[in-house]
Amino acid sequence: MCSPVRAAEDGEELAEAIGADELEETAEELGLTEYGSVRDGYDVEGFLGDLVRDTIKTIVSPALIRDLTGVLLTVFLLSAVRTVLGPTGGSFDGAALAGAAAILLLLSAGHDSMTALAEATVCKLQDVANALLPVLGSAALLSGQVTAAAAKYSAAALFLNVLTNLCCTFVMPLIRLYLAAAAAEAAAGGGVMSGVLGFLKWCGGAVLSCLMLGFTLYLSLTSMASNAADAAIVRSAKTAVSTMLPVVGSIAGDAASSILAAAAVIRQSVGSFGLLAVASVILAPFIQTGIRYLLLKGISAISAELSEERMARLLRRISESMALTLGCIGSCGLMLYFSVYALMRSVVL
Amino acid sequence: MELLWKCAALGITASLLGLAVGKERGEQALLLGMAAAAMIFVSAVQSLGETEALLRRAGERAGLTSALTIPVLKSLGLALLGRFSADLCRDAGQALAAHAVELACACAVLCVSLPLLQSLLQLVFDYA
């Protein structure tokens, strides 16, 4: 009868001990407090509904309208003049170059450009991971995942750190280099930089894929090995306590069970906070970049049809760089999701 | 539409007159053709003023800065002017002058686009 009360009290103390207060601050920064708290759990459905609604509202942002108008105006003007002048070089190529420069500046400069957006998202994800993973790791540790929690936490922290650092110090500069090479290609005309551009794109994709593959493999292997070991340890410890101490043994066993139950509740609560936090951080930038990517692909196809091949190629290159940006945001978000999910999985008693 | 009728009438009349006087006085036929072409070009460009104003308004409404739109519009206008002038020179049998005009036009387009290229280079330097 006393077990639920004791579990609740234990839960409060445990939450304090593992640093749930710091997590509450992060939740406040992300605007999650109106959907619950780390201690009491979150209204997942309500939050996801509101998040999707807000994201849909912000899809047609002023930046998207500006970029789209700029690209469309330039492409149609160049195509119109090209139609009047016919297949010609000289001064028209200079005008096409000015158009290409304007499009590139429009899409890649400024604080609301896609690379700046992706960098901000990755940094925010790193902050969430820094606040979330230690608390989730401690909760998993207290709920009996002694081996698994340590292995999963260290893997998640290490891989996430490496991935976010690589995204900021390698992939993002690579994307900018890719854009610079695309500008050079637009200036020179033809497909003179296609080899370099292909290599840069391959480099970015390969780095992200290798890290994701390594992380999922490591996580799968450690989960298989350590979950079973932890379950055996917890079960044998409980049996030993109950049998070795004739009268007090069962009480001690119940107390241990209530602590394990409280830790499991906190772990689930912190885990659901983690899933919501990741969703709130990545959903809007991911969808905004994805929509820009699709629109640019479409305009590139229209431009190719309007016999403005130089513009079509440039827009195709920019959309490819957006695909890499999407890869960055997506892989960081997925890795944090996998980490949270792995740490949330309970020991089978 | 009205402008198109006027331009077409002017062009056809100038061509017929050119044919009539061309056999005896070639220089006058050439001058006549050039004058008609210049009038048609000026009329066409004047009609583009409204389009240009519309484009500017659309750009401003969408939040595009004039630093991006003006060089593109100017360079396109220069490309049209350069092509027209070079064709006039070619009609007069002055291929060298035509090339010179095209060269001058390419230089002018480059000068107009310089702020854009400068910003692009600045962006690349900022990345580094």
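Each protein sequence line maps, in turn, to chains A and B.
Position one of the first sequence corresponds to residue 7 (this note's numbering), numbered consecutively onward.
Position one of the second sequence corresponds to residue 8 (this note's numbering), numbered consecutively onward.
All C-beta atoms, glycine included, are put in the ideal place defined by N, C-alpha and C.
Exclusion of the five residues before and after A:A108 leaves G76 and T80 as the residues of its chain whose Cβ lies within less than 8 angstroms of its Cβ.
For the options B:G40, B:L124, B:L10 and B:D98, the alpha carbon positioned closest to that of B:L24 is the one of B:G40. Contact of A:S278 with chain B is not assigned, every C-beta pair being separated by 9 angstroms or more. A:Q274 and A:A146 have their C-alpha atoms spaced approximately 9 angstroms apart. In the displayed model, A:S119 falls within coil according to three-state DSSP, outside both helix and strand.
Proximity of chain B to A:S114 at the Cβ level (cut-off 8 angstroms) is accounted for by L130, in chain order. Residue pairing of A:G339 in beta bridges, as defined by DSSP: absent, with no partner found. Beta-bridge partners assigned by DSSP to A:Y48: A:G42. Considering only beta carbons, the part of the segment 48–66 of chain B lying closer than 8 angstroms to chain A consists of L62, A65 and G66, in chain order.
Relative to the Cα of A:A194, the nearest Cα in the group A:L320, A:A155 and A:K303 belongs to A:L320.
Against chain B, the CB of A:I324 has no partner CB under 9 angstroms away; the residue lies outside that interface. As the crow flies, the alpha-carbon of A:K207 is around 11 angstroms from that of A:I324. Listed along chain A is no residue with a C-beta nearer than 8 angstroms to that of B:G18; the closest approach is about 16 angstroms. For A:L183, the enclosing alpha helix (DSSP H) has its first and last residue at M178 to A194. A:V87 carries a helical assignment under DSSP once its states are collapsed to helix, strand and coil. In terms of Cα proximity to A:A124, the closest of A:G47, A:F292, A:D99 and A:A154 is A:F292.
Per the Cβ contact rule, the segment 159–175 of chain A is not in contact with the segment 184–203 of chain A (fewer than 3 Cβ pairs under 8 angstroms). Flagged as an interface residue toward chain B: A:G76, by a C-beta distance shorter than 9 angstroms. If you look at B:V28, you'll find it in the alpha helix (DSSP H) that goes E9 to G29. For B:L10, no CB of chain A lies under 9 angstroms from its own CB, so it is not counted at the interface with that chain. In this model, B:L37 and B:Q53 are separated by some 24 angstroms (Cα to Cα). When only Cα atoms are considered, B:G84 and B:S92 end up about 12 angstroms apart. Closest in alpha carbon position to A:L29, among A:I335, A:A283 and A:C338, is A:A283.
Among the residues facing chain B, A:I71 is included, as its CB has a counterpart in that chain under 9 angstroms away. DSSP, reduced to helix, strand and coil, places A:S67 outside both helices and strands of the structure shown, so it counts as coil. Within chain A, the residues whose beta carbon sits less than 7 angstroms from that of B:S120 are G100, L103, A104 and A107, listed in sequence order. Within chain B, the residues whose beta carbon sits less than 7 angstroms from that of A:A189 are L127, listed in sequence order. Beta-carbon to beta-carbon, A:L301 and A:L74 are separated by about 6 angstroms, close enough to satisfy the 8 angstroms threshold. Looking from the CA of B:E9, the closest CA among B:Q35, B:E34, B:A43 and B:A51 belongs to B:A51.
Here A:F82 is near A:L312, since their CB atoms are less than 9 angstroms apart. Taking C-beta separations shorter than 8 angstroms and ignoring five residues to either side along the sequence, the partners of A:L84 in its chain run A101, A102, G105, E314 and M317, following chain order. With respect to A:L225, A:F53 sits apart: the two C-beta atoms are not nearer than 9 angstroms. In the three-state scheme derived from DSSP, where H, G and I count as helix and E and B as strand, A:L312 is classed as coil. Within chain B, the residues placing a beta-carbon under 9 angstroms from that of A:L83 are L62, V79, L80 and L83, ordered along the chain. Following the DSSP letters along the chain, one finds A:C174 in no alpha helix (DSSP H), marked with neither H nor E.
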